[in-house]
Amino acid sequence: AQKITQTQPGMFVQEKEAVTLDCTYDTSDPSYGLFWYKQPSSGEMIFLIYQGSYDQQNATEGRYSLNFQKARKSANLVISASQLGDSAMYFCAMRDLAKTSYDKVIFGPGTSLSVIP
Amino acid sequence: EPEVTQTPSHQVTQMGQEVILRCVPISNHLYFYWYRQILGQKVEFLVSFYNNEISEKSEIFDDQFSVERPDGSNFTLKIRSTKLEDSAMYFCASSEEIQGGNTIYFGEGSWLTVV
Numbered sequence: 044a045q046k047i048t049q050t051q052p053g054m055f056v057q058e059k060e061a062v063t064l065d066c067t068y069d070t071s072d073p074s075y076g077l078f079w080y081k082q083p084s085s086g087e088m089i090f091l092i093y094q095g096s097y098d099q100q101n102a103t104e105g106r107y108s109l110n111f112q113k114a115r116k117s118a119n120l121v122i123s124a125s126q127l128g129d130s131a132m133y134f135c136a137m138r139d140l141a142k143t144s145y146d147k148v149i150f151g152p153g154t155s156l157s158v159i160p
Numbered sequence: 816e817p818e819v820t821q822t823p824s825h826q827v828t829q830m831g832q833e834v835i836l837r838c839v840p841i842s843n844h845l846y847f848y849w850y851r852q853i854l855g856q857k858v859e860f861l862v863s864f865y866n867n868e869i870s871e872k873s874e875i876f877d878d879q880f881s882v883e884r885p886d887g888s889n890f891t892l893k894i895r896s897t898k899l900e901d902s903a904m905y906f907c908a909s910s911e912e913i914q915g916g917n918t919i920y921f922g923e924g925s926w927l928t929v930v
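Line by line, the protein sequences are chains A and B.
All residue numbers in the first sequence are consecutive under our numbering, ending with 160.
All residue numbers in the second sequence are consecutive under our numbering, ending with 930.
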């Protein structure tokens with residue numbers, strides 16, 4: 044069975060500093076996708092970044108980058124130059140891509156990030 | 816940028832009442848999902864829907880829940896007889912079929928409060 048672990052329930056970071064949010068996953072499927080979503084206090088779920096299990100390079104999207112270490116089964120999110128608006132809940136998620144009917148995304152428990160001015 | 820839209824954004828209902836949550840997925844997407852998030856807890860999968868039928872459902876998705884796509888654009892979640900524990904944020908999501916990667920996009924959610 045697939046499982047996502049986020050060991051940091053809460054994190055603090057100084058504005059303009061970089062922060063790494065940890066995510067480890069467990070799956071026996073050879074082909075999978077890893078996602079990070081941001082959930083601000085308003086509640087919506089915002090897609091940030093995607094990494095495929097066969098992608099050769101780590102994904103980057105603006106200030107977000109994904110430190111993908113396949114052998115360790117980790118997919119940490121790095122946010123550079125933190126901004127006050129980055130304060131939110133961050134969810135790591137995974138999806139099996141091997142099935143012909145595209146499978147659901149399963150979520151980790153989340154990490155609450157607070158950016159300090 | 817295309818987005819998933821959900822209505823209502825917030826609904827308060829009495830226990831035992833029926834509730835319908837509506838979603839308009841992104842227009843070229845083929846796969847549709849409902850998730851829920853009880854306050855302060857993790858996001859839980861409810862059901863996935865493809866080709867006008869349920870492709871997978873979780874243990875949470877019991878006989879009180881149903882989904883349908885009545886007119887080719889809306890995707891609805893119905894809770895027949897709401898319970899207090901159904902109070903949660905309900906997210907609709909959709910994805911298209913692309914080999915090698917397929918992001919699931921979420922709507923802004925519908926807060927359901929059962930009193």
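All residues carry an ideal CB built from backbone N, CA and C; glycine is no exception.
For residue i, which residues of its own chain have a beta-carbon under 8 Å away from its beta-carbon, when the five flanking residues on both sides are left out?
i, result
"B:Thr828", "Val834, Thr897, Leu927, Thr928, Val929 and Val930"
"B:Val884", "Checking the displayed sequence, the identity of residue 884 of chain B turns out to be Arg instead of Val. For B:Arg884, where only same-chain residues beyond five positions count, the Cβ hits under 8 Å are Phe847, Phe864, Asn867, Phe890 and Thr891."
"A:Ile159", "Phe55, Val56, Gln57 and Glu58"
Under the rule that 16 or more other beta-carbon atoms within 10 Å means buried, what is residue i, buried or exposed?
i, result
"B:Phe921", "buried"
"B:Phe890", "buried"
"B:Met830", "exposed"
"A:Gln57", "exposed"
"A:Lys147", "buried"
"A:Lys81", "buried"
"B:Ile919", "buried"
"B:Gly915", "Confidence is the limiting factor: at B:Gly915 the pLDDT is only 49, short of 50, which leaves the residue's position unreliable, though a coordinate-based value still follows. Label assigned to B:Gly915: exposed."
"B:Glu923", "buried"
"B:Arg851", "buried"
"A:Gln126", "exposed"
"A:Gly214", "The requested residue 214 of chain A is not part of the displayed model; chain A covers only 44 to 160."
"B:Met901", "The sequence shown places Asp at residue 901 of chain B, not Met. With 16 or more other Cβ atoms within 10 Å, it is buried."
"B:Asp878", "exposed"
"B:Ser909", "buried"
"B:Gln821", "buried"
When DSSP labels each residue in this structure, what does residue i get in the three-state scheme?
i, result
"B:Asp901", "helix"
"B:Leu892", "strand"
"B:Gly855", "coil"
"A:Asp69", "strand"
"A:Leu127", "helix"
"A:Ser117", "strand"
"A:Gln112", "strand"
"B:Glu911", "coil"
"A:Val158", "strand"
"B:Ile875", "coil"
"A:Glu60", "coil"
"A:Leu77", "strand"
"B:Leu863", "Looking at the sequence provided, one finds Ser at residue 863 of chain B rather than Leu. Correct three-state label for B:Ser863: strand."
"B:Leu845", "coil"
Keeping to the same chain, check which residues put their C-beta closer than 7 Å to that of residue i; ignore five residues upstream and five downstream.
i, result
"A:Ile47", "Cys66, Tyr68, Cys135, Ala136, Met137, Ile149, Phe150 and Gly151"
"B:Asn931", "Lying before the first or after the last residue shown, residue 931 of chain B is absent from chain B, which here runs from 816 to 930."
"A:Ala44", "none"
"B:Gln832", "Thr897"
Let's see if you can read the secondary structure: which residues bound the beta strand (DSSP E) around residue i?
i, result
"B:Val819", "Here B:Val819 belongs to no beta strand (DSSP E), and DSSP marks it neither H nor E."
"A:Ser84", "First-last for A:Ser84: undefined, no H or E at that position."
"A:Phe150", "Val148 to Phe150"
"A:Asp139", "Ala131 to Asp139"
"A:Gln57", "Gly53 to Gln57"
"A:Tyr97", "Taken as a continuous stretch (DSSP letters only), A:Tyr97 belongs to no beta strand (DSSP E), as it is neither H nor E."
"B:Val827", "His825 to Thr828"
"B:Ile919", "Careful: B:Ile919 lies outside any beta strand (DSSP E) and carries neither H nor E."
"B:Val882", "Phe880 to Glu883"
"B:Arg837", "Val834 to Val839"
"B:Gln871", "Checking the displayed sequence, the identity of residue 871 of chain B turns out to be Glu instead of Gln. Where B:Glu871 is concerned, the enclosing beta strand (DSSP E) stretches over Glu868 to Lys872."
"B:Thr928", "Ser925 to Val929"
"A:Thr48", "Lys46 to Thr48"
Quick one: residues in its chain with C-beta nearer than 6 Å to the C-beta of residue i, no 5 flanking neighbours on either side, listed in chain order?
i, result
"A:Met132", "Gln82, Gly153 and Ser155"
"A:Phe111", "Gln94, Asn101 and Ala118"
"B:Met904", "Gln852, Gly924 and Trp926"
Item checked: the region 854-863 of chain B / the region 837-844 of chain B touching (three or more Cβ pairs under 8 Å) -> Short answer: they don't touch.
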